[in-house]
Each structure stands twice: as structure tokens, then as C-alpha cells.
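Okay, so here's the structure we're looking at.
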Amino acid sequence: MPAALVWFRRDLRLTDNPALSAALDRGYVPIPVYVHAPDEEAPWSPGAATRAWLHRSLQSLDADLKRLGSRLLVRSGDTFTELEKLVIESGAEAVFWSRLYEPAVIARDERIKTTLKACGLRVESFNSALLAEPWTVATGAGEPYRVFTPFWRNASRSIEAITVQPVPVAMPALPDNLASLAIESLGLLPVSPEPNWDQGFWEHWQPGEAGAAEALEVFIEGAANGYKDQRNFPDRTGTSKLSPHLHFGEISPQQIVTRIRREPWPARIGPDIEHFLSELGWREFSHHLLFHFPNTANHNLNPRFQEFRWEEIDATRLAAWQRGRTGVPIVDAGMRELWQTGWMHNRVRMIVASFLCKNLRYHWLHGARWFWDTLVDADLANNTQGWQWTAGTGADAAPYFRIFNPVVQAERFDPQALYLRRWLPELASVPLPALFAPWQQPELMRGLRLDYPAQPVIDLISSRKAALSAYSGPKAATVEPD
DNA sequence: TTTTGAGTTGTTCGA
DNA sequence: GTCGAACAACTCAAA
Numbered sequence: 001m002p003a004a005l006v007w008f009r010r011d012l013r014l015t016d017n018p019a020l021s022a023a024l025d026r027g028y029v030p031i032p033v034y035v036h037a038p039d040e041e042a043p044w045s046p047g048a049a050t051r052a053w054l055h056r057s058l059q060s061l062d063a064d065l066k067r068l069g070s071r072l073l074v075r076s077g078d079t080f081t082e083l084e085k086l087v088i089e090s091g092a093e094a095v096f097w098s099r100l101y102e103p104a105v106i107a108r109d110e111r112i113k114t115t116l117k118a119c120g121l122r123v124e125s126f127n128s129a130l131l132a133e134p135w136t137v138a139t140g141a142g143e144p145y146r147v148f149t150p151f152w153r154n155a156s157r158s159i160e161a162i163t164v165q166p167v168p169v170a171m172p173a174l175p176d177n178l179a180s181l182a183i184e185s186l187g188l189l190p191v192s193p194e195p196n197w198d199q200g201f202w203e204h205w206q207p208g209e210a211g212a213a214e215a216l217e218v219f220i221e222g223a224a225n226g227y228k229d230q231r232n233f234p235d236r237t238g239t240s241k242l243s244p245h246l247h248f249g250e251i252s253p254q255q256i257v258t259r260i261r262r263e264p265w266p267a268r269i270g271p272d273i274e275h276f277l278s279e280l281g282w283r284e285f286s287h288h289l290l291f292h293f294p295n296t297a298n299h300n301l302n303p304r305f306q307e308f309r310w311e312e313i314d315a316t317r318l319a320a321w322q323r324g325r326t327g328v329p330i331v332d333a334g335m336r337e338l339w340q341t342g343w344m345h346n347r348v349r350m351i352v353a354s355f356l357c358k359n360l361r362y363h364w365l366h367g368a369r370w371f372w373d374t375l376v377d378a379d380l381a382n383n384t385q386g387w388q389w390t391a392g393t394g395a396d397a398a399p400y401f402r403i404f405n406p407v408v409q410a411e412r413f414d415p416q417a418l419y420l421r422r423w424l425p426e427l428a429s430v431p432l433p434a435l436f437a438p439w440q441q442p443e444l445m446r447g448l449r450l451d452y453p454a455q456p457v458i459d460l461i462s463s464r465k466a467a468l469s470a471y472s473g474p475k476a477a478t479v480e481p482d
């Protein structure tokens, strides 16, 4: 039987994997391969947290393949060279893979496809990551969408036609002469783990296809009920926790939608499900935007902000934000959660991002880069869109006057301060009413000696006013009159 | 081509 | 405590 390389990238699953299915359906012996080449995604090469996740996910994929009789070949180096070598070693006649949508990756993959085809190979790529690929969704005028609601109204129609491919029951064994590197040798785990994801992290997260399926079941049985409201409370398990699994393609949005539809939901859950699906819609929208506006990972989508006067970076303040020492409890709690667990609750992501972009008025790229390196679910499309949305520079972005008040947000979404207490142990002795804004309650703080900033790194009231005038006003500091 | 309606996630102020 | 208006126009998408 002829062989076909199945080049795994961020489709680290066997169920509903069209590249793998294509190889099997067309009578090839699939040769699963992963090529480690992080530099090829520069300047957005995978950050430390996603690399650690990837390490586990590759182990899981290899174990799943072995269960079916196959195995994962791991190579490292220039991707084209490694694929070419493996084609020669295995005598493969075809190469299949799932498409990705980051500009640098698209460019690389196009080169590889062209060259492999020129060598006489059958080369095909597939959609395994999106409900609707970016070029299939367009406005009546044939343009990409820039507003979420009409985008999703259009794109979500494709949900109706979704199908899911079953997991293969068995796979042919690979010849022994096909060598593989040990996953451990790729250097994906930090040498000295900093942050120290010691106890707990891998108990909460299970990278890999089984872990993704499990996370979906946990969500359906639990947080899906009441999702619309509960998702806003950072101390509760109100979200799906599917983001890292989706990023690495351990589960497809098609699988999620299909599973959700199979569940006999009571009518009252309808709005919750709709809301959850629209969150998948935001993921789709982010990919749509990054594909059609490929420079937005590094530049404002809205050209009005070309000349915007961001505040000059103060290294101490930026570090205070990064490490959760701003003196604003909800901001610090979120940044500590991120640093210690590689994840942050969505509501808190908005709060810390608004604080960085609007109170400190630092360029959103500083936030995007930090998130990129620390989030286990760091995804270029989602990260870019999220930061540009908050900064007001993106498509369908937050209005300039939408400036989160971190004190009000904490009072509203963490009323018992359970989240604050969890991540700010040094404030354990602070009474509840003072926790949201300790500097505003000197009488309650009297006598407490805390290893915590006595004042926020920036005054919330005056910085809000400054942001309003920087972002707006007839002078429109944002606009250079050409 | 022109017109029209709509647009994730908020805060503050004053009645 | 609650509620509506103001915060500004502007851009987008579709009729």
C-alpha cells in the first residue's frame, strides 16, 4: 500500500481529523508526523505556556496512535527539509494536513505545498479548525466582515451542515526504520519552571484529545446550565475551559456543536447555549479578521490609531502589571492567576486589559505579548482580536468611553471577594469591604502591615479622564488630519 | 446609489 | 436604590 504523510500541527486529535481520514479513506498508510520548528512562526513563535501544553498534547497523541497500532514520528528542524526527508525514507506519495490561518504559517505552508507538488506528490490541506473558513464568509458586497453580529448571522448558518468524522478503529503499523525523536528532547518544557506550575496545574488541565472530550462533558453537565450569567464570575466554574483544547485542535468546533445539539436541553437552557455558541462565533470572527487583515497581529486594524499617543512605557509599572503588583486587587488577582496557572478568567482578562490600555494607556501590544507568553490557550487570532477590541483599535471594537472601573467590576462580579482572596493571600487580614479598593478605606486598613502596594500604580479617576480625552474629543488626539 | 438601522462585555451623573 | 441619559459620532451591512 502507498503511504501518505499526515502532518500534524494544531489538529492534535484522531477523531474528526479530515487529513487523517482522507489518508485512510483513499487507501494510504498514514504516516503521522509532527515537525518541531517554532522559529517558522516568528515573531509569534509559541510562548512558554503553550509549549508546555504542546509537550503533553503530543505525548497524548502518540499514545492514542499507539493504541490504534501506529505511532507519532517527531522531527525537528526546517519543516520542508524534514518532510522531504520523511517522504524519501517512507516512499510516501502524498502529504495531507489541516490548515492554519496565521500569516507566517500560511506563507510557509504555501511554499511547502508548491514545492511538494512540484516533486510530484499529491498534496492536500483540509479545514479542521473552523466552522466556516475565512474566505467562505463575505458580506453582500463580497467583503470581509468587520462587525460581529452580521458576521455570525451569516457564518452560523454553516452550522446546519456540520458533519463529524469518526475516529479510526485501527491504523497500520509503521516500518521500524522510520525514526522519531523523543518528545522530551524537543525542549518544550522550561528548564527551570518559572512560573512554577507545581502542584495543581496538570490536575486541572488534561492536554490531549481525551482531556478535551472530558472537558466538554464536564461543561455540558455543569457550567453550560446558566452559562450566560455564570460565565462572568471568576471565582466560579462558569466557563467551558475549552480554549487550550481548541487552540491545539484536540477537539474541533464541529465536534462541540454536534455534541451540544445532541443533548436534550430543557428550553430554559436555550439562551445559555446560544450564548456559548456565539463565543465559538467570536473565535471564528477572530480568525476571519486575522486572515483578511494579516498585519493586525502587529498593527492597529483601525488606521485612525496610527498616530495615537500611547503612554511611554515605564518598566517598573509594566512589571507591576505583569506580576500582579499594581495595587488594584482585581487586576493583581487576575495577573497572578495568569502567572501561576497559565490561564485567566475571561471577565478578568477584560479588566486587566482595560487597565493596561486605558488607565495606563500602554500600547496593547505590550499586553498581547505578555498574554502570548503566559497563556496556555494563547492563540494569535483570539489574542490579537481581544486586545485590539479592548484597546478600541480593532474591528467592532469597544467604544472609547468603555473604560472598566476595576473596583466596580470586582464588587459586581466577585462580591464575596473569593477570587481576590484566592490570589492575593497577603490581603487575608483585610476586611471584605476594603478588599476591593484598600487605598479608599484607610480606617479599615489602619494597623495592618501588608506586603502590598498602599496606593495603585495609577490613579483610577484621573487616568480614566485622561483616557477619555486622549481617545475622544474634538482635538481627537487619535487622528492626524492627513 | 442612497438610505437606514444597528452596533459583546461600561461608567457616571442626576433625577 | 433605581433608572435613563450622556458619553460622539462613525462605520458597517443590507435593504
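Per the working numbering, the very first residue in the first sequence carries number 1; after that it's consecutive.
Think of the CB as a built atom: it goes at the ideal place given N, C-alpha and C, for glycine as much as any other residue.
Cutoff 7 Å; reference residue i; Cβ partners in own chain excluding five residues on either side
{"i": "Leu189", "result": "Ala52, His55"}
{"i": "Lys228", "result": "Pro271, Asp272, His275"}
{"i": "Asp332", "result": "Gly324, Arg325, Thr326, Leu424"}
{"i": "Asn382", "result": "Arg283, Ser286"}
{"i": "Leu418", "result": "Asp235"}
Buried versus exposed call for residue i [16 or more other C-beta atoms within 10 Å across all chains shown]
{"i": "Pro481", "result": "Bear in mind that a pLDDT of 32 at Pro481, under 50, signals an unreliable position, so the model cannot answer this."}
{"i": "Leu289", "result": "buried"}
{"i": "Arg261", "result": "exposed"}
{"i": "Ile142", "result": "Note that residue 142 corresponds to Gly in the displayed sequence, not to Ile. It counts as exposed."}
{"i": "Thr478", "result": "The pLDDT assigned to Thr478 is 35, lower than 50, so where the model puts this residue is not dependable; a value taken from the coordinates is nonetheless given after this. Buried, because 16 or more other Cβ atoms sit within 10 Å of the Cβ of Thr478."}
{"i": "Ser57", "result": "buried"}
{"i": "Thr139", "result": "exposed"}
{"i": "Ile313", "result": "exposed"}
{"i": "Lys475", "result": "Note that Lys475 has pLDDT 34, beneath the 50 cutoff, so the model's placement of it is unreliable and no number is given."}
{"i": "Cys357", "result": "buried"}
{"i": "Pro415", "result": "exposed"}
{"i": "Arg446", "result": "exposed"}
{"i": "Asn359", "result": "buried"}
{"i": "Asp176", "result": "exposed"}
{"i": "Glu82", "result": "buried"}
{"i": "Val537", "result": "Outside the shown range of the chain (1 to 482) lies residue 537, about which nothing can therefore be said."}
{"i": "Leu301", "result": "buried"}
{"i": "Gln322", "result": "buried"}
{"i": "Arg157", "result": "exposed"}
{"i": "Glu488", "result": "Residue 488 is absent from the model: the chain starts at 1 and stops at 482."}
{"i": "Ser469", "result": "exposed"}
{"i": "His247", "result": "buried"}
Reduced DSSP secondary structure (H/G/I, E/B, other) of residue i
{"i": "Trp7", "result": "strand"}
{"i": "Arg261", "result": "helix"}
{"i": "Arg309", "result": "coil"}
{"i": "His36", "result": "strand"}
{"i": "Ser125", "result": "strand"}
{"i": "Leu318", "result": "helix"}
{"i": "Ile351", "result": "helix"}
{"i": "Leu100", "result": "coil"}
{"i": "Arg236", "result": "coil"}
{"i": "Ser76", "result": "strand"}
{"i": "Ala368", "result": "helix"}
{"i": "Ala48", "result": "helix"}
{"i": "Pro2", "result": "coil"}
{"i": "Val407", "result": "helix"}
{"i": "Thr478", "result": "Any reading at Thr478 needs caution, since the residue's pLDDT is 35, under 50, leaving its predicted position unreliable; the model's value is listed next. In this structure, Thr478 counts as coil in the three-state DSSP scheme."}
{"i": "Ile31", "result": "strand"}
{"i": "Ala94", "result": "strand"}
Contact belief for residue i with residue j at Cβ below 8 Å, rounded distance in angstroms
{"i": "His292", "j": "Pro144", "result": "4 Å"}
{"i": "Leu121", "j": "Val87", "result": "7 Å"}
{"i": "Ala212", "j": "Glu250", "result": "4 Å"}
{"i": "Ser243", "j": "Ala223", "result": "Going by Cβ atoms, the distance from Ser243 to Ala223 rounds to 13 Å, so no, they are not a contact pair."}
{"i": "Ile330", "j": "Gln441", "result": "Wrong, their Cβ atoms sit about 15 Å apart, outside the cutoff."}
{"i": "Pro166", "j": "Ser70", "result": "Not confirmed; about 16 Å, so no contact."}
{"i": "Thr79", "j": "Val33", "result": "Actually they do not touch by this definition, with Cβ atoms about 10 Å apart."}
Close-in-space but distant-in-sequence residues of the same chain around residue i (CB under 6 Å, 5 per side omitted)
{"i": "Ala23", "result": "Ala4, Val6, Pro30, Phe96"}
{"i": "His363", "result": "Trp310"}
{"i": "Tyr400", "result": "Gly392, Tyr471, Ser472"}
{"i": "Lys113", "result": "Val123"}
{"i": "Leu380", "result": "Trp44, Glu102, Ala297"}
{"i": "Gln550", "result": "Residue 550 cannot be examined here, being either before or after the span of the chain that is shown, 1 to 482."}
{"i": "Val407", "result": "Phe436, Ala437"}
{"i": "Ala104", "result": "Glu41"}
8 Å CB neighbourhood of residue i in its chain, flanking five on each side removed
{"i": "Leu427", "result": "Pro329, Leu420, Arg421, Leu435, Pro438, Leu450, Tyr452"}
{"i": "Leu448", "result": "Ser429, Val430"}
{"i": "Ile220", "result": "Arg259, Ile260, Glu263"}
The ligand MG heavy atom lying under 6 Å from the CB of residue i
{"i": "Asp314", "result": "Absence of the ligand MG is noted for the structure shown, with no ligands found whatsoever."}
Three Cβ pairs or more, each shorter than 8 Å: is that satisfied between the region 359-370 and the region 384-400? Put simply, the region 359-370 touches the region 384-400. At least three CB pairs are less than 8 Å apart.
Does the region 222-237 come into contact with the region 336-348, if we say contact requires no fewer than three beta-carbon pairs (one atom in each stretch) closer than 8 Å?
These segments touch.
*Inspect the CB distances between the region 168-185 and the region 39-53 and report whether three or more fall short of 8 Å.*
Verdict: no, contact absent.
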